[in-house]
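Here the structure is laid out as structure tokens; the discussion comes afterwards.
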Amino acid sequence: MISDSIINTICDKDNVWIMYNIENHDPYFKKFITSKISSVSACIVSKNCVHLFVNELDEYNVKDLNCKIWVCNKNNSLMSNMLELLKTLDFPRNIYLNYSEYLDISVDVLGHGLYSHITKNISEFYDKNKKEVFYHSADNIIYKLIEPKSEKDIKYMKLSAERALQIIEDVFDNMKSGMTEKDIFNLCHKIFNNKPDWFKNFGISDEKFSWDKTGCPIVLIGPNLKKGGHTLPSDQKLEKGYTVYLDFGVTLITDSGKRYSSDLQRMGYCLKDRETTAPDNIKHIFETLRDSIKLGAETCTPDKKGFEIDEKVRKYILDNGYPDYKHSTGHPVGELAHDIGTSLSPKGHKKSDLYLKENGVYTIEPRIQIENGGSIEEMVQVTNQGGNFLCKRQEKLYYL
Numbered sequence: 001m002i003s004d005s006i007i008n009t010i011c012d013k014d015n016v017w018i019m020y021n022i023e024n025h026d027p028y029f030k031k032f033i034t035s036k037i038s039s040v041s042a043c044i045v046s047k048n049c050v051h052l053f054v055n056e057l058d059e060y061n062v063k064d065l066n067c068k069i070w071v072c073n074k075n076n077s078l079m080s081n082m083l084e085l086l087k088t089l090d091f092p093r094n095i096y097l098n099y100s101e102y103l104d105i106s107v108d109v110l111g112h113g114l115y116s117h118i119t120k121n122i123s124e125f126y127d128k129n130k131k132e133v134f135y136h137s138a139d140n141i142i143y144k145l146i147e148p149k150s151e152k153d154i155k156y157m158k159l160s161a162e163r164a165l166q167i168i169e170d171v172f173d174n175m176k177s178g179m180t181e182k183d184i185f186n187l188c189h190k191i192f193n194n195k196p197d198w199f200k201n202f203g204i205s206d207e208k209f210s211w212d213k214t215g216c217p218i219v220l221i222g223p224n225l226k227k228g229g230h231t232l233p234s235d236q237k238l239e240k241g242y243t244v245y246l247d248f249g250v251t252l253i254t255d256s257g258k259r260y261s262s263d264l265q266r267m268g269y270c271l272k273d274r275e276t277t278a279p280d281n282i283k284h285i286f287e288t289l290r291d292s293i294k295l296g297a298e299t300c301t302p303d304k305k306g307f308e309i310d311e312k313v314r315k316y317i318l319d320n321g322y323p324d325y326k327h328s329t330g331h332p333v334g335e336l337a338h339d340i341g342t343s344l345s346p347k348g349h350k351k352s353d354l355y356l357k358e359n360g361v362y363t364i365e366p367r368i369q370i371e372n373g374g375s376i377e378e379m380v381q382v383t384n385q386g387g388n389f390l391c392k393r394q395e396k397l398y399y400l
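The sequence shown runs 1 to 400 under the numbering used here.
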């Protein structure tokens with residue numbers, strides 16, 4: 001069944017959202033409308049109604065969908081039916097299509113050829129009828145549908161975060177001085193391969209790494225903390241007096257095929273001989289990161305834009321005397337570890353001017369990018385009262 005959230009997407013009779021799907025190439029058509037169509041199809045979402053255009057070969061496959069179905073054949077083409085509906089809808093002026101003005105490749109699925117085909121036919125039809133038409137990106141429509149999470153989604157995203165944290169903590173429990181980044185990476189993979197019994201209680205049929213397994217987890221030790229985050233593991237050894245961090249996540253896949261990803265970072269310190277705690281400079285790095293995240297999370301309400309969270313967290317790092325970090329403060333998490341939507345980035349970034357979505361999940365991940373520096377990453381659910389952490393947050397350094 002097509003969800004009410006899709007049916008109610010368009011609230012103005014002068015707007016429509018068109019998805020044009022060839023052999024299931026459009027992921028949003030498959031996600032929001034149906035994946036049961038094998039031939040060329042399209043849909044027009046108008047005010048409170050979804051109109052689906054299918055080849056007669058697919059008519060049986062969609063008969064139970066709660067939408068208006070138009071059956072097309074060689075004498076009654078898909079495009080002619082679409083144009084007829086636009087006429088019936090009194091030539092809506094604003095047509096939204098699945099391309100991205102934010103340069104978001106996940107939304108930019110239409111392709112130049114299909115865009116030209118659709119807009120050429122519609123524009124000629126409107127011109128013939130002396131009507132105006134304007135084309136817009138469906139970026140914000142798709143973000144509005146995907147970023148907010150349901151109660152069930154949040155439940156499974158918490159499970160994904162808790163599972164990732166369990167693996168990270170097991171890695172830290174088994175980490176020793178003398179291990180290389182590659183050794184720690186391999187240890188994480190070994191622990192990941194041991195699946196917990198509770199998976200079956202929640203209908204979890206599979207588990208993947210949240211990103212390509214050749215780079216998951218990201219492991220950085222001591223001198224390498226001055227690098228950027230996206231770095232493959234090296235032969236750098238963990239020596240006493242070095243900090244170390246892991247950037248890791250898992251994707252849990254349910255029996256129904258739904259995917260829930262996580263993305264966390266945790267920081268530790270390898271004690272020197274006769275040390276019982278980290279030196280003050282390391283403690284200050286950790287506490288600055290921890291407290292900046294708490295400050296950012298408190299600000300995560302639906303009336304805030306992405307850049308406002310970035311400003312809060314980044315300013316706290318800079319005010320404590322550390323250099324600026326070279327990445328966004330956070331990003332959405334959902335089916336993917338780096339999902340689509342509002343970016344917690346500096347002002348001027350294309351998606352940083354968007355509002356956070358209520359019940360959206362975003363990371364907060366500041367970095368102190370110096371030798372023997374550190375990084376922590378938490379996942380936060382946006383509410384009207386501020387951000388809720390999806391799993392136990394790191395409040396103390398891990399000691400090795």
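The C-beta atom is built at its ideal place from N, Cα and C for all residues, glycine as well.
Restricting to Cα atoms, I'd like to know which of the options is closest to residue i.
i: Asn-140; options: Asn-73, Ile-10, Leu-295 and Ser-328; result: Ile-10
i: His-327; options: Gln-394, Leu-187, Asn-129 and Gly-228; result: Gly-228
i: Leu-220; options: Gly-113, Lys-182, Ile-167 and Phe-192; result: Lys-182
i: Glu-239; options: Ser-292, Ser-177 and Pro-233; result: Ser-177
i: Asn-384; options: Gly-373, Glu-395 and Glu-298; result: Glu-298
i: Met-379; options: Ser-106, Ile-370 and Phe-389; result: Phe-389
i: Ser-160; options: Asp-263, Asn-98, Gly-257 and Asp-247; result: Asp-263
i: Leu-165; options: Glu-395, Pro-217, Lys-347 and Cys-391; result: Cys-391
i: Lys-350; options: Asn-372, Lys-305 and Lys-128; result: Lys-305
i: Asp-104; options: Ile-340, Glu-358 and Gln-381; result: Ile-340
i: Ile-22; options: Met-175, Ala-42, Ile-118 and Asp-324; result: Ala-42
i: His-51; options: Val-16, Lys-283, Ala-138 and Asn-121; result: Val-16
i: Leu-397; options: Ser-116, Leu-246 and Ser-150; result: Leu-246
i: Leu-187; options: Lys-13, Met-175 and Asn-24; result: Met-175
i: Cys-49; options: Ser-77, Ser-38 and Asp-12; result: Asp-12
i: Ile-204; options: Asp-170, Asp-58, Phe-53 and Gly-257; result: Gly-257
i: Ile-95; options: Tyr-126, Val-71 and Lys-68; result: Tyr-126
i: Ser-150; options: Trp-70, Gln-394 and Val-382; result: Val-382
Identify whether residue i lies in helix, strand or coil by the three-state DSSP scheme.
i: Glu-308; result: helix
i: Asn-21; result: strand
i: Leu-225; result: helix
i: Val-107; result: coil
i: Ser-375; result: strand
i: Lys-400; result: Before going on, a small fix: residue 400 reads as Leu here, not Lys. Coil at Leu-400, not helix or strand.
i: Asn-320; result: coil
i: Val-333; result: coil
i: Val-313; result: helix
i: Thr-276; result: coil
i: Asn-15; result: strand
i: Thr-383; result: coil
i: Asn-388; result: strand
i: Lys-347; result: strand
i: Thr-231; result: coil
i: Lys-237; result: strand
i: Thr-214; result: helix
Looking at the secondary structure, which residues open and close the alpha helix (DSSP H) in which residue i lies?
i: Glu-287; result: 280 to 298
i: Tyr-28; result: 27 to 32
Return the Cβ separation of residue i and residue j in integer angstroms, given the expectation that the two are a contact with Cβ distance under 8 Å.
i: Tyr-143; j: Leu-356; result: About 11 Å separates the two Cβ atoms, so there is no contact after all.
i: Tyr-362; j: Cys-300; result: 7 Å
i: Leu-344; j: Gly-330; result: 3 Å
i: Leu-85; j: Ile-44; result: 6 Å
i: Ser-261; j: Glu-365; result: Between Glu-365 and Ser-261 the Cβ distance is about 15 Å, and since that is not below 8 Å, they are no contact.
i: Leu-271; j: Gly-373; result: Between Gly-373 and Leu-271 the Cβ distance is about 18 Å, and since that is not below 8 Å, they are no contact.
i: Phe-29; j: Ile-6; result: That pair is no contact at about 11 Å.
i: Val-244; j: Gly-268; result: 5 Å
i: Cys-288; j: Asn-320; result: For clarity, residue 288 is Thr in the given sequence; the question names Cys instead. So it is a contact: roughly 5 Å between Cβ atoms.
i: Phe-185; j: Pro-233; result: 4 Å
Under 7 Å from any heavy atom of the ligand FAD, does the C-beta of residue i make it?
i: Cys-391; result: As far as ligands go, the structure on display features none, and thus does not contain the ligand FAD.
Specify, as a first and last residue, the run of the beta strand (DSSP E) that residue i falls within.
i: Ser-205; result: 204 to 209
i: Asp-247; result: 243 to 248
i: Ser-5; result: Per DSSP, Ser-5 belongs to no beta strand (DSSP E); it is in the alpha helix (DSSP H), 4 to 7.
i: Gln-265; result: 264 to 269
i: Ile-364; result: 361 to 364
i: Arg-393; result: Segment: none, Arg-393 is in no beta strand (DSSP E) and carries neither H nor E.
i: Tyr-260; result: 259 to 261
> Quick one: complete beta strand (DSSP E) runs, 3+ long, within the stretch 112 to 196?
Replying inline: 134 to 137
> Can you list, in chain order, the stretches of the alpha helix (DSSP H) that have 4 or more residues and sit fully within the stretch 47 to 96?
Replying inline: 78 to 88
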